[in-house]
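Chemist: Numbered by this note's numbering, the letters in the sequence shown go through residues 4 to 682 in order.
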Amino acid sequence: MDKSDAIKRINELTAQLQRHNYNYYVLHQPEISDYDYDMLMKELQRLESEYPGHALPDSPTQRVGSDIDQSFEQVKHPTPMLSLDNTYNEQELKDFDQRVKKEVGEELSYVCELKYDGVAIGLHYENGLLTRAVTRGDGVQGDDVTENVKTIRSIPLRLQGDDYPDQLEVRGEIFMPHKSFERLNEVRQKEGKTPFANPRNSAAGSLKMQKSSQVAQRSLDCFIYQFISNDLPSDTQMGNLEKAKEWGIKVSEHSIKCKTIDEILAFIEEWDTRRSELPYDIDGVVVKVNEYALRDELGTTAKSPRWAISYKFKADSVKTRLKSVDFQVGRTGAVTPVANLEPVLLAGTTVKRASLHNEDIIKNLDLRENDMVFVEKGGEIIPKITDVDKEARKEESRPVTFISHCPECGSKLRKNPEEAAHYCPSETGCPPQIKGRLHHFISRKAMNIDSLGEGKIEVIYDAGLIRNVADLYDLEKEDILGLKKDYHDGEKVRTVSFQEKTSENIIKGIQASKEIPFERVLYALGVRFVGATVAKKLAQEFKNIDLLMQAGKETLVSVDEIGERIAESVIDYFSRPEHQKIVERLKKAGLKLEVEQQEGASDSLKDKRIVISGVFEKSRDELKQLVEMHGGRNVSSVSSKTDFILAGENMGDSKRKKAETHSVPLISEKEFLEMIGEE
Ligand code: IVH
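1) Look at the Cβ atom of Leu235, then the Cβ atom of Asn151, and state whether they are nearer than 7 Å.
2) Suppose only complete runs of 4+ residues qualify. What are the alpha helix (DSSP H) ranges in the segment 141–195, listed by chain order?
3) Which stretch, first to last residue, makes up the alpha helix (DSSP H) that contains Leu368?
4) Give me every residue whose Cβ sits closer than 5 Å to any heavy atom of the ligand IVH, in chain order.
5) Do Val290 and Tyr113 count as a contact pair if the criterion is CB distance below 7 Å?
6) Note down the Cα distance separating Pro410 from Gln192, rounded to an integer number of angstroms.
7) For Val338 versus Pro386, is the C-beta distance shorter than 7 Å?
8) What residue range does the alpha helix (DSSP H) around Val218 cover?
9) Apart from the five residues on each side of it in sequence, which residues of its chain come closer than 8 Å, Cβ to Cβ, to Ile670?
10) Between Ala449 and Asp363, is the Cβ-Cβ spacing less than 7 Å?
11) Smallest Cα separation from Lys366: which of Phe405, Glu53, Glu597 and Thr505?
12) Does Gly208 come out as helix, strand or coil in the three-state DSSP assignment?
13) With respect to the alpha helix (DSSP H) encompassing Thr558, which residues constitute its N-terminal and C-terminal limits?
14) Roughly how many angstroms separate the alpha carbons of Val341 and Thr197, rounded to a whole number?
15) Which residues does DSSP list as the beta-bridge partners of Asp224?
16) Threshold first: 4 residues or longer. Then list the alpha helix (DSSP H) segments lying entirely within the segment 250–335, N to C.
17) For Asp390, write down the residues that DSSP places opposite it in a beta bridge.
18) State the CB to CB distance for the pair Thr154 and Tyr314, rounded to an integer number of angstroms; the pair is presumed to be in contact (CB under 8 Å).
19) Using only CA atoms, which one of Ile312, Ala357, Val403 and Ser506 lies nearest to Leu96?
20) Leaving out five residues before and five after Ser500 in sequence, what residues of the same chain have Cβ atoms less than 7 Å from its Cβ?
21) State the Cα-Cα distance for the pair Asp284 and Ile267, rounded to the nearest angstrom.
22) Roughly how many whole angstroms lie between the Cα atoms of Gly208 and Asp563?
23) If I follow the unbroken beta strand (DSSP E) through His127, where does it start and stop?
24) Since Leu344 is in the beta strand (DSSP E), which residue starts that stretch and which ends it?
25) Taking C-alpha atoms, which residue in Thr64, Gly242, Ser561 and Phe521 lies nearest to Ile259?
26) Please specify which runs of the alpha helix (DSSP H), each continuous and at least 4 residues long, are wholly inside the segment 64–121, giving them in chain order.
27) For the alpha helix (DSSP H) containing Thr505, name the first residue and the last one.
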């Protein structure tokens, strides 16, 4: 393919992928398989890297994000981001309707929308292209989180059609759907991190992450609910919501236009019960005047518009009896008390269990056996006990006490004084912990042995064939052929047994995992606090497992981003004979326990912090890759710690000034290439 064909193909692929993306993430009606989509994406990625500088500004390859740390610039909102007046009762809503009608007359309509529970965002489109995304901040100015927002697939990088305003800001809510939230917390728990309390917090946390490639993993989503431009196609909210759909923007299907307060109240009532059906959280309903001319007449106060009000749902609460308390041991060994309740209906679902989180919560509630308790479904998915009806309790009732020994393996539990949770210390003797480590080891981001899902590995575990990750590599087809397990599927019992093909695939999958690079093997071991990013850092720094195992605390903490907590955990892990044995066996099995040198790589920029600024002959991505390949670190803002700026043409003024202040040298592209021996 010659250059002009390649550029043509880049344009074609960009438009095609754009369309498939919209079909999938906005309409939920894909036209092609995931595999075909991935193939098109790979082709585009390849062409863009072969012809740097020809990637389009709305290229879907940006959706995967980048690994470079960013600092968020504060930018002013052209129109302040106000908040909404809240109400919790019908009367205040009626007062709002009266006030509005008194001021602008009876001839008006309202739009009722769901109040999505996430983080507000302003998206700026110039000539149809997404140029900037800004968080609410203090309402006057917010953080520029453009790179992170570009990874959210339902947000168009370019608008469709041609009748959008040249200058357009749309505002909406970024949120994390329940499914993504649950998946994320599962992984966080596995990695020994504190789980997020609710989807809103996790959306907020994700949006402020330093690396956009990590935001891309978080499966965020977004609904748009406001339009700002001098040139909007419609003079009503409903009209613009419809138009926005044509531009490829995701708006909710559930917004309605209504005239009377009764219609509004019916909408609220409907969604107060139906909200449990939604795959994301809402915390109320927003009622807005539909006609923009009337909005202008009504105006705003300093804090909120007079043309809108939000009705917040009360957190649902019901009373029921506490039957007993179970103690569950998680994959990390953390013990969680769970209350068994007399089944009760709450926000559309029957609740039988509620989390009690830890011992402190039980003590604070002063929970007693057989108590009548209040259960609420707040932002959290699992309901929680918020209070106890102390009047309803018998005097002789006995307090609920925390257990002292692990219900799974009988070991004495431990508790760190700074932490609320109790732990079972028997990592190698406690079944949920062993299985947890095995699940983690085979998971996609670790060894990616997908022929061996969680169900299958459990069958092999139950047959007593594996007790640690090294045992996997001793398995032979004959060992697992014919293994069986019964599953209870509702009333029915299903038997799954490993046939010839399945067994063969499992062994093949295990063998293939020997090609997985060192950083992922390290992550797969499941050392506490060593997530994928830390594992990558450690692998890059120590190059092989022997050097890592020999490293003392001082050496470990001298590595960027490695703190004392991680260092201690690494040392503790490798100091244990059982872990040393596993490493030895994995080495013998032929897993990659050292990094493979990239061709042309060197240490010439080792530990240098480099800022790239301006326009260059090579593409920025290429330069960034070169920096990493030669041991340097790409950083986004200039500080006294910056070693040099790789300065191209038209470098920004503010960076230049900062460079002067901190005496940071400027290096040209040519000098840089000489430095790393590329020219
Ligand atoms: S309209 C002038 N519509 O609620 C403010 N806001 O409490 C116009 N929110 O900051 C906002 N869903 O983050 C509007 N359908 C919706 C909304 C919504 C959620 C959030 C938004 C806003 C907050 C105000």
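Even for Gly, the Cβ is constructed at its ideal location relative to N, Cα and C.
Modeler: From the atom records:
1) Not a contact, by the Cβ cut-off of 7 Å.
2) 149–152 and 181–193
3) Run containing Leu368: Glu362 to Leu368, per the alpha helix (DSSP H) assignment.
4) Leu85, Ser86, Leu87, Glu116, Lys118, Tyr119, Ala123, Glu176, Tyr228, Val289 and Pro308
5) yes
6) 19 Å
7) no
8) Val218 -> alpha helix (DSSP H) spans Ser215 to Ala219.
9) Phe647, Ile648, Leu649, Ala650 and Met678
10) No, they are not a contact pair.
11) Phe405
12) Three-state DSSP puts Gly208 in a helix.
13) Where Thr558 is concerned, the enclosing alpha helix (DSSP H) stretches over Lys556 to Val560.
14) 18 Å
15) Phe178
16) Runs found: 264–277 and 295–301.
17) Phe377, per the DSSP bridge assignment.
18) About 33 Å separates the two Cβ atoms, so there is no contact after all.
19) Ile312
20) Gly485, Leu486 and Lys487
21) For Asp284 and Ile267, the distance between alpha carbons rounds to 20 Å.
22) 22 Å
23) Val122 to Glu129
24) Where Leu344 is concerned, the enclosing beta strand (DSSP E) stretches over Ala337 to Leu349.
25) Gly242
26) 93–107
27) Glu503 to Ala515
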